[in-house]
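Below is one structure, written out as structure tokens; comments come after it.
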Amino acid sequence: MNAADTLSVTREDAQAIDDCWNRIGIHGDKSCPLLSEHIHCRNCAVYSAAATRLLDRYALQQDDREQVSTVAGSDVKTRSLLMFRLGEEWLGLATRSLVEVAPLQAIHSLPHQRSRALLGVANVRGALVACLSLVELLGLDATSGVASGARVMPRMLIIAAHGGPVVVPVDEVDGIHAIDERILEAASRSGAQASAKYTRGVLQFKGRSLRWLDEEQLLSAVTRSLT
Numbered sequence: 001m002n003a004a005d006t007l008s009v010t011r012e013d014a015q016a017i018d019d020c021w022n023r024i025g026i027h028g029d030k031s032c033p034l035l036s037e038h039i040h041c042r043n044c045a046v047y048s049a050a051a052t053r054l055l056d057r058y059a060l061q062q063d064d065r066e067q068v069s070t071v072a073g074s075d076v077k078t079r080s081l082l083m084f085r086l087g088e089e090w091l092g093l094a095t096r097s098l099v100e101v102a103p104l105q106a107i108h109s110l111p112h113q114r115s116r117a118l119l120g121v122a123n124v125r126g127a128l129v130a131c132l133s134l135v136e137l138l139g140l141d142a143t144s145g146v147a148s149g150a151r152v153m154p155r156m157l158i159i160a161a162h163g164g165p166v167v168v169p170v171d172e173v174d175g176i177h178a179i180d181e182r183i184l185e186a187a188s189r190s191g192a193q194a195s196a197k198y199t200r201g202v203l204q205f206k207g208r209s210l211r212w213l214d215e216e217q218l219l220s221a222v223t224r225s226l227t
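Note that the UniProt record's numbering numbers the sequence shown so that position 187 is 187, with each residue one more than the last.
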């Protein structure tokens, strides 16, 4: 994606957001009923959510298409992974499986859950979306691995499952990173993932052990949890 395409994508997404701060807020006619409470639009949750959505959508345009960079005179193919944390474990998922990263939302439980992994439903911009626990699906320890006092921001990943989007809460998002495919191939051949569910391999990244998820197996498990 070149600079012009990136700018176009960002502009299109910005136009899709209701920029109420420019119409009735601090930069508009100041008729917003919340303005007297918040003083400035930047203190309002609506403004914050819009900004988060725009930044996340911009980042996730870096999809799973092969990227080519030149390192020491040779072409290196990379694959984009979104890296996130659940409890004490860091995981990587191909960005082609993602719709976006969203702010944490309230989860509404259902009277008759279909599976232990189904947490309920969440309201994503007016639409109810099924919410699943990756901790339950992957068989992880839910204990947080963050030191006391550390500033982290739990988020929700919206995943493009086979039957429609689903939401999964995560403890922390590190970001999207391009990983050399040779490293991924070595991780998939290492056998380190033999005892881990829905895992293609384990690799070292930024001084931590990263579990590379098999998106096809994971999405199939998600579908089974909803039916």
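Backbone N, C-alpha and C fix where the C-beta goes; we use that ideal spot for every residue, glycine too.
Check whether residue i and residue j have beta carbons under 9 Å apart
i, j, result
"residue 97", "residue 117", "no"
"residue 77", "residue 214", "no"
"residue 135", "residue 104", "no"
"residue 82", "residue 212", "no"
"residue 197", "residue 161", "no"
"residue 169", "residue 107", "yes"
Terminal residues of the beta strand (DSSP E) in which residue i lies
i, result
"residue 208", "208 to 213"
"residue 32", "That residue, residue 32, is in no beta strand (DSSP E); it is neither H nor E in DSSP."
"residue 176", "172 to 180"
"residue 203", "199 to 205"
"residue 228", "The first residue shown for the chain is 1 and the last is 227, placing residue 228 beyond what the model contains."
"residue 92", "89 to 94"
"residue 158", "155 to 161"
"residue 99", "98 to 103"
Start and end residues, alpha helix (DSSP H) containing residue i
i, result
"residue 38", "35 to 38"
"residue 44", "Counting along the chain, residue 44 falls outside any alpha helix (DSSP H), and DSSP gives it neither H nor E."
"residue 135", "134 to 138"
"residue 23", "20 to 23"
Of the listed residues the options, nearest to residue i (C-alpha basis)
i, options, result
"residue 92", "210, 105 and 34", "210"
"residue 153", "172, 41 and 23", "172"
"residue 113", "221, 218, 21 and 131", "131"
"residue 185", "176, 161 and 199", "199"
"residue 167", "187, 206, 223 and 24", "223"
Cα-Cα separation between residue i and residue j, rounded to whole angstroms
i, j, result
"residue 54", "residue 100", "Reliability of the predicted coordinates at residue 54 is poor, the pLDDT of 47 falling under 50, and no value is obtained from them."
"residue 204", "residue 137", "23 Å"
"residue 226", "residue 157", "17 Å"
"residue 94", "residue 35", "41 Å"
"residue 111", "residue 119", "11 Å"
"residue 59", "residue 33", "Below a pLDDT of 50, predicted positions are generally treated as unreliable, and residue 59, at 47, falls in that range; the measurement from the model is reported next regardless. Near 33 Å, if we compare the C-alpha coordinates of residue 33 and residue 59."
"residue 201", "residue 151", "29 Å"
"residue 27", "residue 127", "29 Å"
"residue 68", "residue 44", "Confidence is the limiting factor: at residue 68 the pLDDT is only 49, short of 50, which leaves the residue's position unreliable and the question unanswerable from this model."
"residue 218", "residue 90", "16 Å"
"residue 129", "residue 216", "20 Å"
"residue 21", "residue 41", "6 Å"
"residue 102", "residue 39", "26 Å"
"residue 79", "residue 182", "10 Å"
"residue 125", "residue 46", "11 Å"
"residue 190", "residue 208", "17 Å"
"residue 115", "residue 30", "48 Å"
"residue 140", "residue 163", "25 Å"
"residue 176", "residue 84", "9 Å"
beta-carbon residue i near the ligand PLP non-hydrogen atom, thresh 8 Å
i, result
"residue 131", "The ligand PLP is not part of the structure shown, which contains no ligands of any sort."
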